[in-house]
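S.K.: Dropping the structure in here first, questions after.
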Amino acid sequence: MLGLWLLLAHPVDEDPHTVDLDHVWQHNPSHFWLVLVVAGMNLVLGVLISQASARRRDARLLLVSLVFLSSAGFFTLHALTTPAVILPGATVGFDLAHPVGLMIASVFAFLSGLPLNDRQGETVLKLQLPLRIAVGVLLVAWGVASLVPGLTPLTDKLPPGGVGLGFWGLIGVFLYVAAAVMMFRLHRKRPAAVLISLITAYALLAEVMIAGIEHRNWAISWWLWHVLLTLAFFFVAYSAYIQFRREGSSSGLFDAVTLSATARRIQAQYEEALEELVSHLRRRTESGVPVATRLAGRFKLTEGQAAVLDKAGAALANERELSERLGALVEVGGRARVGLPESELLSESLRRVREAYGDVRVSVMSDGALTPLGARGAPTLTTQEMATLTSGSPVEMSGSVVHPLTVKGHLAGALAVPVGHTSQDAALAATLATQLSISLENARLYAELETLFRAYMSPDVAKSLLADPNKAALGGSLTEVTALFADLRGFTTFSEKVSPGEIVDMLNRFHTAAVPCILGNGGTIVQFVGDALLALFNAPAPQADHARRAAQAGLEMQRAAARVSAEVLREQEAGLLSEVEWPKFRVGVNTGPALVGNIGSPEFRGFNAMGDAVNVAARLQALAEPGSVVIGQSTYDLLGPADVVSLGDLSLKGKEHTVHAYVLRSVEIDFTNDHA
Numbered sequence: 001m002l003g004l005w006l007l008l009a010h011p012v013d014e015d016p017h018t019v020d021l022d023h024v025w026q027h028n029p030s031h032f033w034l035v036l037v038v039a040g041m042n043l044v045l046g047v048l049i050s051q052a053s054a055r056r057r058d059a060r061l062l063l064v065s066l067v068f069l070s071s072a073g074f075f076t077l078h079a080l081t082t083p084a085v086i087l088p089g090a091t092v093g094f095d096l097a098h099p100v101g102l103m104i105a106s107v108f109a110f111l112s113g114l115p116l117n118d119r120q121g122e123t124v125l126k127l128q129l130p131l132r133i134a135v136g137v138l139l140v141a142w143g144v145a146s147l148v149p150g151l152t153p154l155t156d157k158l159p160p161g162g163v164g165l166g167f168w169g170l171i172g173v174f175l176y177v178a179a180a181v182m183m184f185r186l187h188r189k190r191p192a193a194v195l196i197s198l199i200t201a202y203a204l205l206a207e208v209m210i211a212g213i214e215h216r217n218w219a220i221s222w223w224l225w226h227v228l229l230t231l232a233f234f235f236v237a238y239s240a241y242i243q244f245r246r247e248g249s250s251s252g253l254f255d256a257v258t259l260s261a262t263a264r265r266i267q268a269q270y271e272e273a274l275e276e277l278v279s280h281l282r283r284r285t286e287s288g289v290p291v292a293t294r295l296a297g298r299f300k301l302t303e304g305q306a307a308v309l310d311k312a313g314a315a316l317a318n319e320r321e322l323s324e325r326l327g328a329l330v331e332v333g334g335r336a337r338v339g340l341p342e343s344e345l346l347s348e349s350l351r352r353v354r355e356a357y358g359d360v361r362v363s364v365m366s367d368g369a370l371t372p373l374g375a376r377g378a379p380t381l382t383t384q385e386m387a388t389l390t391s392g393s394p395v396e397m398s399g400s401v402v403h404p405l406t407v408k409g410h411l412a413g414a415l416a417v418p419v420g421h422t423s424q425d426a427a428l429a430a431t432l433a434t435q436l437s438i439s440l441e442n443a444r445l446y447a448e449l450e451t452l453f454r455a456y457m458s459p460d461v462a463k464s465l466l467a468d469p470n471k472a473a474l475g476g477s478l479t480e481v482t483a484l485f486a487d488l489r490g491f492t493t494f495s496e497k498v499s500p501g502e503i504v505d506m507l508n509r510f511h512t513a514a515v516p517c518i519l520g521n522g523g524t525i526v527q528f529v530g531d532a533l534l535a536l537f538n539a540p541a542p543q544a545d546h547a548r549r550a551a552q553a554g555l556e557m558q559r560a561a562a563r564v565s566a567e568v569l570r571e572q573e574a575g576l577l578s579e580v581e582w583p584k585f586r587v588g589v590n591t592g593p594a595l596v597g598n599i600g601s602p603e604f605r606g607f608n609a610m611g612d613a614v615n616v617a618a619r620l621q622a623l624a625e626p627g628s629v630v631i632g633q634s635t636y637d638l639l640g641p642a643d644v645v646s647l648g649d650l651s652l653k654g655k656e657h658t659v660h661a662y663v664l665r666s667v668e669i670d671f672t673n674d675h676a
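The sequence shown begins at 1 in full-length UniProt numbering and counts up one residue at a time.
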């Protein structure tokens, strides 16, 4: 209505000081097809509602069908009288067809909104044939009068100002508004999409009647009511389509529009069918024919079939819903495993829970406030509600119940679950909150422990201890390992010439470069002793190619150490470091059996390895030149293709027999397993 007022208030004129909005656009084909499409929609809707009226014997459906059928007829005549389609120019019939059709339809619309009783409804049904004949005769007579030139004044040339019903059109406005109000009252009792669409259509048709009072043919304000017509009937057609998609049948599309007596009769049929269905299910008869099929044939259920099945399946649906929610609880508990980050745990749990519980929202405490997880927002809680949640009690909100998530007795988050229909739903929601709290507490505890462990031991050892704390018990086992021993040649001399702070900086720089090389190849760092470190491969996690991994780790360590040395030289040249020569790594690698396990006392213990293989690795490291990697014969035998330089048989301290050793230059790496 505001748009109509703006258009009418700003007509196209010759005044340069005014804004022109209501421009003229005459395009006969567009008008013809637009109105014809609207007429076609009305015809289809009218036929569908007429069929529903006959099937249900309902007077209101009959009157609504006449709204669409009468409109369809006059809109078709309005389209046919479009200039240059059948008649050469605009005629009186062209202008009058649409307001007359809408006026007739408004009478049927008003009557359809009346709360007719059984007797009145039967009277209308008895008159349906005369009503249909009267509408048909009127349409034929109007068509002949407006399309046969010279027969009636309807074929006269349209005067410049146009013709119409004038303010008599306000009667139609009143009838459509009254019909919309009565349909709204019906919707309050029986909410349905088709009723909303009828209310919208009647309101728009009232606006069409108002827009049609002002005759500015082919102006934008004139096209406005054509658009309103299209929208009005499109709403009804679209709601019918939605209902059709929902029910899978056109039979019950307009049941919500029926009179109260018809609705009670339909409900009685549904209840009778439901009782029959329940009876069959209890007896569990096996006739080979589906129960729904027998009921449809016996009760002639069409549009009500979906409603019957919905009611009959309610109990089974409740059982499946309960099973689904219990399954979600089990899965949430299963996700609380070692190593799963908190965010991933909550995201996966939330995705699974929403499948079973609906629109569940999870929030976590951050800086004293609830922060939502995912796209959905956190529940907005008052100070009192937050206090209730902090005390461990749930808070009821509009459409949901917010349960506290606690970690070590403190509020860690909130879980908003839609309000259920049974007491089981409430208990399951509370159980879900408890399960998520346990999972969240476990995830945070594991994260803290893993962070602590990783700072002091290999990730493999940390994961092993987290998964099985009994592995921290004293004891060990004989295992074939590849030991990597490395230290810094020249460390003692360097330490005598620099301050303790520079010693620590030097060690940290070299170890920062070396440690990722070991861990990246799956090694376990057992200990740091001053400038030396010991790493094991094939323990505690088994590795089929442990010798290759250790050899590759040693080579990568030397390359990383070389980069550190190059950086140090540049810093010394720039005057950022003292001129004291930094030590260099030397690495020894050897393979053999060793006693691997936790060694120490009940009060203090450490993961370590003891045996000849480890001792030989230390001796080989001591013989290695700075920047080189020396491997023993046992390691070389397991490497396969490798570029080495033989050092011959070496006599090592503490060894009765010589050990053949090699300087390793490169090794062909083709891991078949991922790095640990």
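C-beta: ideal position from N, C-alpha, C; glycine also.
1) Is W168 buried or exposed, if buried means 16 or more other CB atoms sit within 10 Å of its CB?
2) Considering Cα atoms alone, identify which of L639, V135, P88, L36 is closest to S70.
3) Is the distance from the Cβ of M209 to the Cβ of L61 below 7 Å?
4) Using the beta-carbon count (16 or more within 10 Å), is W142 buried or exposed?
5) Quick one: what's K157 bridged to in DSSP?
6) Given L107, which residues of its chain have a CB within under 7 Å of its CB, disregarding the five upstream and five downstream residues?
7) Taking 7 Å as the threshold (C-beta atoms), are V644 and P555 in contact?
8) Please determine, among Y662, M610, P593, the residue with the shortest C-alpha to C-alpha distance to G600.
9) Are there 16 or more other CB atoms within 10 angstroms of the CB of N508, so buried, or fewer, so exposed?
10) Count the CB pairs spanning the segment 115-130 and the segment 72-79 that are closer than 8 Å, and state whether there are at least three.
11) In the DSSP assignment, find the alpha helix (DSSP H) that holds R55 and state where it starts and stops.
12) Tell me the start and end of each unbroken alpha helix (DSSP H) in the segment 600-648 that is at least 4 residues and wholly inside, in chain order.
13) Comparing C-alpha positions only, which one of D649, R265, V364, K497 sits nearest to Q633?
14) Could you tell me whether the Cβ atoms of A486 and F585 are closer together than 7 Å?
15) Does DSSP classify G166 as helix, strand or coil?
16) Could you spell out where the alpha helix (DSSP H) holding S398 opens and where it closes?
17) Just tell me which of L638, A201, D612 has its CA closest to the CA of H657.
18) Taking the straight line between their C-alpha atoms, what separation do you get for A443 and S565?
19) Within 10 Å of its beta-carbon, does R549 have 16 or more other beta-carbons around it, so buried, or fewer, so exposed?
20) Keeping to the same chain, check which residues put their C-beta closer than 6 Å to that of T152; ignore five residues upstream and five downstream.
21) Just list the residues that DSSP pairs A145 with in beta bridges.
22) Which of the three DSSP states, helix, strand or coil, is assigned to I196?
23) So which of Q558, A541, R361 has the shortest CA-CA distance to S400?
24) Can you tell me whether Y662 is buried or exposed, with buried defined as 16 or more other CB within 10 angstroms of its CB?
25) Just grab the DSSP bridge partners of E584 for me.
26) Quick check on DSSP: helix, strand or coil for S349?
27) Apply the 10 Å Cβ neighbour rule to Q543 and answer buried if 16 or more other Cβ atoms are within range, or exposed otherwise.
28) Whose C-alpha, out of A237, V19, T262, is nearest the C-alpha of G121?
29) Alpha carbon to alpha carbon, what distance is there between L96 and V85?
30) Under three-state DSSP, which class holds F108?
31) What is the rounded straight-line gap between the Cα of I503 and the Cα of L620?
32) Quick one: residues in its chain with C-beta nearer than 8 Å to the C-beta of M562, no 5 flanking neighbours on either side, listed in chain order?
33) Taking the alpha helix (DSSP H) that L555 belongs to, which residues open and close that run?
34) Leaving out the 5 sequence neighbours to the left and right, which residues in its chain are closer than 7 Å to L436 when beta-carbon positions are compared?
35) Assuming A192 and A232 form a contact by the criterion Cβ under 8 Å, report the distance between their Cβ atoms to the nearest whole angstrom.
36) Express the C-alpha separation of G606 and L536 in angstroms, rounding to a whole number.
M.R.: Working from what's here:
1) exposed
2) Considering only alpha carbons, the answer is V135.
3) Their beta carbons are not under 7 Å apart, which means M209 does not touch L61 by this criterion.
4) buried
5) DSSP links K157 through a beta bridge to T91.
6) Reading off the sequence, residue 107 comes out as Val, not Leu. Closer than 7 Å at the Cβ level, and outside the excluded window around V107, lie L175.
7) According to the sequence provided, residue 555 is Leu. The question's Pro does not apply to it. The answer is no: Cβ separation not under 7 Å.
8) M610
9) Of the residues assessed, N508 falls on the exposed side of the cut-off, its CB having fewer than 16 other CB atoms within 10 angstroms.
10) These segments do not touch.
11) 28-56
12) 612-623, 633-639
13) D649
14) yes
15) helix
16) Segment: none, S398 is in no alpha helix (DSSP H) and carries neither H nor E.
17) D612
18) In this structure, the straight-line span from the alpha carbon of A443 to that of S565 is close to 41 Å.
19) buried
20) For T152, where only same-chain residues beyond five positions count, the Cβ hits under 6 Å are A145.
21) Beta-bridge pairing links A145 to no other residue.
22) helix
23) R361
24) buried
25) A small fix is needed here, since residue 584 is Lys in this sequence, not Glu. K584 pairs with R489.
26) Looking at S349 - three-state DSSP - the assignment turns out to be helix.
27) With 16 or more Cβ atoms within 10 Å of its Cβ, Q543 is classed as buried.
28) T262
29) 17 Å
30) helix
31) 25 Å
32) One point to set straight first is that residue 562 is Ala, not Met, in the sequence displayed. So the list reads G627, once near-sequence residues are dropped.
33) Taken as a continuous stretch (DSSP letters only), the alpha helix (DSSP H) holding L555 covers 546-573.
34) V332, S349, L405, L415
35) That pair is no contact at about 18 Å.
36) 14 Å
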